[in-house]
C-alpha cells in the first residue's frame, strides 16, 4: 500500500495540507493517513469528506490513529 | 455522542455563542471595556503582576488565563486526549509568540478582543481585523509553499503538565498574596490601582468562566486564527462559523447589557491610528498563523499536553514584558515611541522564519 500520508507529530494545518496534496495526486482509490491527535483525525476526516472521499475506517494505533479514506 | 457534537458545525457554533455571552458578562462583572476576554491583554497583565514589566496600569493576575489552561487539561483527561508532545521548533515558537504579542499590543488586543471590540461598536477594530486577515493570508502563502515547523515527538507526561502546573502555581500566588484595596503591591505581586489592570471580575467568577471556556474550546478546537486560515486555505467554514457566532452573540449580549457604543473615537483602550491598527495585527496574524493557532488555541493546546504551544505562551508573556519595557505597546493616545519600529522588525523576523523553514516533509514515512 503506497498511498500513505504520515502526518504524525505535525501541527495544524499540516495534516490536512498533506492529505489534500495526496488527494489531488491520486484522484481516486484508497489512502491511509496516520495522525497523532484527535484534532487532526477530525480535521482530516472533515477535509476528505468535503472532497467527496469516504471514511472507510479509523484504527487506533500505538500513537494516534490510522484513517482509511476511499474514493471510487 | 458528546464527542461528535463538539466536532460538528453546531458544536463549534455553540462554543462561539457561549464565549459571546460570557465575555460581555465578564465585562459587566468588572473586566475592562470591550475586554471581557483578551488573551494577549490578560497575559500582558500577568507579566505585569509578576513585575516582568512595571507599567502600573496593566498589572493583574488574570484568572481567566489560568482557567483556560486548566479547563483544557480537565477536558483532555476526561476525554482521554491528553498527549504530552514537544520538539517542533520550540525556539521558533517562542520568538513567534513574542512578536505576536508585540503586534497585538500595538493594536491593543488579540484576535479575541478584536472581535469583542467590533461587537462593542469600536470601529477601529475593523482595521485590526483587516490586518489580522492580511497577516493570516501571508501565512497561508508560506503554508502553501511548504512552510512547517517539523514534527513534535511523544514525550514524558510531565512535559505536558508543566504549563498547567505553572498556572496552578500562579493561582496559589494569587491566593497567598491577594489584592489589597488601594495598594499597588501585595507580597511579591503587583496590582494596578488605576487603568485596565484595576478593572476585573471577581476572582472565582473569572476562574469559573475561564475553566468553562477552556473545557469547551478544547473539545471544539475553537481558534480565531484557524477560522480565517481554513477559510483562505481550504474554503472551509467550520472554525469560521464559531467566530461568527461569537461576534453576533457578543453584539446582541452587549445590546442587552447596554454595552454597545458605536464609534471610532474615545473607545475603551483603543487608539485611532488606523495604519498601525492594521500593521500591528498583520504582524500578530502572521505570527499566529506561522505558529498554527491563535493565542487562545495555544493555551488550550498547552493544556492538552502540547509543550511547544506552552513555549509559545511563555514567548507571548516575554513579548509583553518587552512591549512595555521598551515602549512598544500602544495606549489610547496612540502607538508607543518604538511601536512602529517593533512592528517592522517583527515582520522582518516572521518573513525570515517563513522563508527559511520550508523543508519539505516526506509524507510517506518518517
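Residue numbers (the numbering used here), protein chains in the order written: chain A, 239 to 310; chain B, 300 to 665.
All C-beta atoms in this analysis are idealised placements derived from N, C-alpha and C, irrespective of residue type, glycine included.
Neighbour list for residue i in chain A, Cβ cutoff strictly below 7 Å
i, result
"residue 344 of chain B", "Neighbours of residue 344 of chain B on chain A: none; closest Cβ ~27 Å, over 7 Å."
"residue 525 of chain B", "250"
"residue 306 of chain B", "280"
"residue 313 of chain B", "Ordered by position in chain A, no residue passes the 7 Å Cβ test against residue 313 of chain B, which lies about 16 Å from the chain."
"residue 442 of chain B", "251, 255"
"residue 453 of chain B", "301"
Cross-chain neighbours of residue i in chain A, by beta carbon under 8 Å
i, result
"residue 450 of chain B", "246, 247, 248"
"residue 353 of chain B", "Residues of chain A passing the Cβ test: none, with the nearest at roughly 35 Å."
Those residues which DSSP pairs with residue i across a bridge
i, result
"residue 658 of chain B", "None, per the DSSP bridge assignment."
"residue 452 of chain B", "B:385"
"residue 244 of chain A", "A:272"
"residue 485 of chain B", "B:488"
"residue 630 of chain B", "B:633"
"residue 562 of chain B", "B:421"
"residue 267 of chain A", "A:309"
"residue 605 of chain B", "B:384"
For residue j and residue i, the rounded distance between their alpha carbons
i, j, result
"residue 323 of chain B", "residue 552 of chain B", "7 Å"
"residue 271 of chain A", "residue 306 of chain A", "6 Å"
"residue 639 of chain B", "residue 627 of chain B", "8 Å"
"residue 600 of chain B", "residue 346 of chain B", "20 Å"
"residue 664 of chain B", "residue 452 of chain B", "Any answer about residue 664 of chain B is weak, because its pLDDT of 43 lies below 50 and its placement is not dependable; what the coordinates show is given next. Those two C-alpha atoms are separated by around 14 Å."
"residue 379 of chain B", "residue 275 of chain A", "11 Å"
"residue 576 of chain B", "residue 279 of chain A", "36 Å"
"residue 581 of chain B", "residue 467 of chain B", "33 Å"
"residue 413 of chain B", "residue 633 of chain B", "17 Å"
"residue 464 of chain B", "residue 268 of chain A", "44 Å"
"residue 624 of chain B", "residue 635 of chain B", "11 Å"
"residue 246 of chain A", "residue 516 of chain B", "22 Å"
"residue 302 of chain A", "residue 250 of chain A", "15 Å"
"residue 289 of chain A", "residue 367 of chain B", "34 Å"
"residue 602 of chain B", "residue 647 of chain B", "31 Å"
"residue 328 of chain B", "residue 382 of chain B", "35 Å"
"residue 484 of chain B", "residue 325 of chain B", "24 Å"
"residue 492 of chain B", "residue 503 of chain B", "20 Å"
"residue 252 of chain A", "residue 527 of chain B", "16 Å"
"residue 542 of chain B", "residue 428 of chain B", "12 Å"
"residue 544 of chain B", "residue 309 of chain B", "10 Å"
"residue 442 of chain B", "residue 265 of chain A", "22 Å"
"residue 629 of chain B", "residue 430 of chain B", "16 Å"
"residue 473 of chain B", "residue 363 of chain B", "13 Å"
"residue 490 of chain B", "residue 281 of chain A", "42 Å"
"residue 410 of chain B", "residue 420 of chain B", "16 Å"
"residue 358 of chain B", "residue 579 of chain B", "22 Å"
Chain B residues whose Cβ lies nearer than 9 Å to that of residue i
i, result
"residue 254 of chain A", "529, 532, 533, 535"
"residue 299 of chain A", "Neighbours of residue 299 of chain A on chain B: none; closest Cβ ~12 Å, over 9 Å."
Enclosing alpha helix (DSSP H) for residue i [first to last residue]
i, result
"residue 494 of chain B", "Note, residue 494 of chain B: premise wrong, no alpha helix (DSSP H); not H, not E."
"residue 297 of chain A", "First-last for residue 297 of chain A: 292-298, but that is the beta strand (DSSP E), not the alpha helix (DSSP H)."
"residue 600 of chain B", "594-602"
"residue 517 of chain B", "502-519"
"residue 371 of chain B", "362-377"
"residue 342 of chain B", "338-348"
"residue 316 of chain B", "308-327"
"residue 528 of chain B", "523-533"
"residue 544 of chain B", "537-555"
"residue 580 of chain B", "573-590"
Within chain A, the residues that residue i reaches when beta carbons sit closer than 9 Å
i, result
"residue 586 of chain B", "Residues of chain A passing the Cβ test: none, with the nearest at roughly 14 Å."
"residue 427 of chain B", "Near residue 427 of chain B there are no residues of chain A at all, since even the closest Cβ is about 23 Å away, more than 9 Å."
"residue 657 of chain B", "What residue 657 of chain B touches in chain A: nothing, since even the nearest Cβ is about 13 Å away."
"residue 447 of chain B", "248, 249, 252, 255"
"residue 387 of chain B", "247, 248, 249"
"residue 591 of chain B", "249, 250, 251, 252"
"residue 380 of chain B", "275, 276, 277"
Proximal chain B residues relative to residue i, where beta-carbon distance stays under 8 Å
i, result
"residue 277 of chain A", "520"
"residue 285 of chain A", "533, 535"
Beta strand (DSSP E) segment containing residue i, residue limits
i, result
"residue 309 of chain A", "303-309"
Is it true that the stretch 478-490 of chain B meets the stretch 367-380 of chain B, where meeting means three or more beta-carbon pairs spaced less than 8 Å apart? Contact between the stretch 478-490 of chain B and the stretch 367-380 of chain B is absent: fewer than three C-beta pairs spanning the two stretches fall below 8 Å.
Assess contact between the stretch 541-550 of chain B and the stretch 316-323 of chain B, defined as three or more Cβ pairs (one per stretch) separated by less than 8 Å. Is contact present? In this structure the stretch 541-550 of chain B lies against the stretch 316-323 of chain B, because at least three pairs of beta carbons, one per stretch, are closer than 8 Å.
Does the count of Cβ pairs from the stretch 521-541 of chain B and the stretch 384-397 of chain B closer than 8 Å reach three? As far as the Cβ criterion goes, the stretch 521-541 of chain B does not touch the stretch 384-397 of chain B, which means the pair count is below three.
Any contact of the stretch 290-303 of chain A with the stretch 307-314 of chain B, i.e. 3+ C-beta pairs under 8 Å?
Short answer: they don't touch.
| message | Measuring CB atoms only, is the stretch 492-500 of chain B touching the stretch 403-419 of chain B, in the sense that at least three cross pairs come out at less than 8 Å? | response | Using a Cβ-Cβ distance cut-off of 8 Å, the stretch 492-500 of chain B and the stretch 403-419 of chain B are not in contact, since fewer than three pairs of beta carbons, one from each stretch, lie closer than that value.
Can at least three beta-carbon pairs, one atom from the stretch 380-389 of chain B and one from the stretch 437-457 of chain B, be found at a separation below 8 Å? Using a Cβ-Cβ distance cut-off of 8 Å, the stretch 380-389 of chain B and the stretch 437-457 of chain B are in contact, since at least three pairs of beta carbons, one from each stretch, lie closer than that value.
Could you tell me whether the stretch 581-598 of chain B touches the stretch 509-528 of chain B, using the rule of 3 or more Cβ pairs below 8 Å? In this structure the stretch 581-598 of chain B lies against the stretch 509-528 of chain B, because at least three pairs of beta carbons, one per stretch, are closer than 8 Å.
Quick check: the stretch 342-362 of chain B against the stretch 606-624 of chain B, are there 3 or more CB pairs under 8 Å? Yes, they touch.
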